[in-house]
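Let me begin by presenting the structure, written as structure tokens, before commenting on it.
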Amino acid sequence: MNFRLKPLLVGLGACVIAAPAMSADTVRFATFNASLNRNASGDLLVDLANPLGSSGSIRQAHNVAEIIQRVAPDVLLINEFDLDLNGTPGAGSTPMPLGYSSAAAGLFQDNFLSASHGNAVRGMTDGIDYAYRYTPNTNTGVASGFDLNNDGMVGGGDDAFGFGSFAGQYGFTIYSRFEIVGVRSFQNFRWKDMPGNLLTNDPTANKLSDFYSPDEVDALRLSSKNHVDLTLKVGDQEVHFLTAHPTPPTFDGAEDRNGKRNHDEIRFWSDYVSGGATGSYIYDDQGGSGGLAAGAKFVIAGDYNADPLDGDSFAGAIGQLLGNPRVNSAMTPASAGGVQAATDPSNNGSANQSQRGDPANDTADFSDSAPGNLRVDYVLPSADMAISGSGVFWPTDEVQGDSNDSGALFDLVGTFRNQNLYANFPSSDHKAVWVDVQVAAVPEPESWAMTLAGLALVGSLVRRRR
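Position in the sequence shown (from 1) plus 40 gives the number in this note's numbering.
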């Protein structure tokens with residue numbers, strides 16, 4: 041280069057060809073298996089319609105709401121939230137339209153999330169309001185018409201398309217501060233239609249094709265609840281919120297039907313975000329086909345019932361997401377409470393001591409005899425979005441061995457079977473998990489035009505000088 045031209049190029053670079061500045065919105069995405077499921081159809085509706093009630097299940101709902109307020113997510117998935125159809129308990133196989141919110145989701149917003157919580161010890165919270173909600177349909181409790189557990193009888197939770205004692209039990213719902221502008225659900229996607237699936241391509245000695253009849257293989261759905269892709273409008277960007285709740289890899293026999301299903305439910309999102317031909321086999325409930333478009337931003341969230349190192353998962357289950365190059369798994373949410381809980385004096389077993397995973401990353405307080413505490417809840421953004429923070433809402437217990445009724449922050453989470461407000465916990469055996477994601481804005485077209493024009497000018501000057 042002619043060095044007499046260098047000052048000109050430096051000047052032009054400073055004032056013309058600098059790349060357009062891009063600001064980023066910090067968005068907190070969270071998942072919480074809040075155990076807002078109930079033992080009988082319609083009970084959740086009753087609880088959420090009576091916020092002044094004194095039952096343990098109503099107090100549990102208040103504790104869940106307070107945890108959400110303290111985490112303060114912008115976008116939230118709640119797993120284990122019983123479904124109703126416009127106020128009537130139940131579930132079906134028809135996709136819910138964009139903007140659908142169950143009556144229970146509305147009651148939880150109005151009577152619990154919008155109300156202040158807390159006390160003088162841990163301080164008070166402000167209500168949190170979400171402008172947008174979506175409640176998908178679910179396979180849980182929806183009768184399949186088959187004897188799927190091979191016990192000689194047709195009916196009950198094990199014979200439903202997804203385990204549930206009644207239709208709609210263990211569903212999920214989503215709350216968002218950002219507008220929901222699109223939805224794809226995959227409730228009716230059949231397991232056998234996934235290439236290389238573990239249903240018809242089982243590599244183990246106890247093959248699922250021997251456990252299930254040909255008619256059952258034809259009918260089985262992959263998703264135990266649903267897989268849902270919600271498109272959110274974040275500033276001038278679209279972000280896909282990919283939500284699911286794969287079945288636990290337990291409660292079966294030597295055939296490991298739940299473990300293998302869990303593996304393939306997790307694989308579904310890995311294929312979906314990988315682009316190209318990998319997800320071309322996928323079809324949705326709305327009549328569309330194919331996976332996520334190349335370059336699309338996404339956040340995968342949910343209780344995936346799979347730990348990277350411990351527990352009963354089929355080999356490599358959650359690694360399909362954590363090792364996917366399209367997924368940003370660089371930062372692992374952690375808590376001090378998880379470390380403390382591993383050796384809590386009230387533990388009913390020693391399973392935690394033999395685990396390989398770091399207890400700081402655990403997200404669920406399970407029985408300490410088996411399987412022990414595990415990391416099973418995930419918020420995983422796409423690799424093109426940076427993570428600026430993350431965490432697990434699991435406070436430490438300042439006075440271990442007490443009754444957990446001092447009003448301290450820890451009393452919202454408790455210890456396994458050490459405080460029996462509802463289902464062994466003040467809130468849930470799972471903890472809320474959050475990740476702060478940087479969603480970069482797209483530069484204005486005028487900014488790119490100026491940049492390109494500047495580059496063209498510099499190129500012309502260089503050619504003339506030469």
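Cβ atoms here follow ideal geometry from the backbone N, Cα and C, with glycine treated the same way.
- Remark: C-beta atoms of Lys300 and Ser422 do not approach each other more closely than 7 angstroms.
- The residue from Gly146, Gly163, Asp124 and Gln395 with its alpha-carbon nearest to that of Tyr172 is Gly146.
- The alpha-carbon of Gly204 is positioned some 4 angstroms away from that of Gly181.
- Counted as a single uninterrupted DSSP element, the stretch harbouring Arg173 is not any alpha helix (DSSP H) but the beta strand (DSSP E) occupying residues Tyr172 to Tyr174.
- In the DSSP assignment, Ile214 falls within the unbroken beta strand (DSSP E) covering Phe212 to Ser216.
- Note that the region 354-369 does not touch the region 430-445; fewer than 3 beta-carbon pairs, one per stretch, sit closer than 8 angstroms.
- Excluding residues up to 5 positions away in sequence, Asn119, Glu120, Asp343, Asp417, Ser468 and His470 lie with their Cβ nearer than 7 angstroms to the Cβ of Asn73 in the same chain.
- Per the Cβ contact rule, the region 313-323 is not in contact with the region 254-261 (fewer than 3 Cβ pairs under 8 angstroms).
- The Cβ atoms of Val268 and Pro176 sit closer than 7 angstroms to each other.
- Rounded to whole angstroms, Ser390 and Ile322 show a C-alpha spacing of 43 angstroms.
- The secondary-structure analysis by DSSP pairs Glu219 across a beta bridge with Lys273.
- Restricted to the region 393-474, the beta strand (DSSP E) segments that are unbroken, complete and at least 3 residues in length are 417-421 and 426-432, listed in chain order.
- Leu76 carries a strand assignment under DSSP once its states are collapsed to helix, strand and coil.
- Within the region 127-198, the complete alpha helix (DSSP H) segments at least 4 residues long are 143-148, listed from N- to C-terminus.
- Looking at the DSSP output, His280 sits in a beta bridge with Thr271 and Phe338.
- When DSSP states are grouped into helix, strand and coil, Tyr312 belongs to the helix group.
- By the C-beta density criterion, Arg396 is exposed, having fewer than 16 other C-beta atoms within 10 angstroms.
- Distance from the CA of Tyr215 to the CA of Ala245, rounded to the nearest whole angstrom, comes to 43 angstroms.
- In the three-state DSSP reduction, Gln326 falls in the coil class, being neither helix nor strand.
- Distance from the Cα of Gly335 is smallest, within the candidate group Ala200, Arg415, Gly192 and Gln277, for Gln277.
- A check of alpha carbon separations from Ala105 across Ala480, Phe456, Val477 and Leu452 identifies Leu452 as the nearest.
- Residue pairing by DSSP places Ser225 opposite Val268 in a beta bridge.
- For Glu120, the enclosing beta strand (DSSP E) stretches over residues Val115 to Phe121.
- 7 angstroms or more divides the Cβ of Ala207 from the Cβ of Thr283.
- Per the C-alpha coordinates, the member of Asp199, Phe291 and Thr71 positioned closest to Asp114 is Thr71.
- Boundaries of the alpha helix (DSSP H) around Phe251: Leu248 to Phe251.
- Pairing Leu238 with Glu438, the inter-Cα distance amounts to about 46 angstroms.
- Using a C-beta cut-off of 8 angstroms, the region 443-451 makes contact with the region 159-169, since at least three inter-stretch Cβ pairs fall below that distance.
- With respect to the C-alpha of Thr271, the residue from Lys232, Val479, Glu219 and Phe251 having the closest C-alpha is Glu219.
- Secondary structure of Ala481 (DSSP, three-state): coil.
- Within the same chain, Asp198, Asp199 and Glu256 come within 7 angstroms of Leu188 by CB-CB distance, once the 5 residues on both sides are set aside.
- Contact check for Ser386 against Thr455 passes: the beta carbons are separated by less than 7 angstroms.
- The DSSP-derived three-state label of Asp476 is strand.
- Residue nearest to Tyr140 within the set Asp398, Gly222 and Asp352 is Gly222 (criterion: CA-CA distance).
- Taking a contact as a CB-CB distance under 8 angstroms, the pair Ser428 and Gln478 counts as one, their CB atoms being some 6 angstroms apart.
- Residue nearest to Thr128 within the set Asp83, Ser375 and Ala382 is Asp83 (criterion: CA-CA distance).
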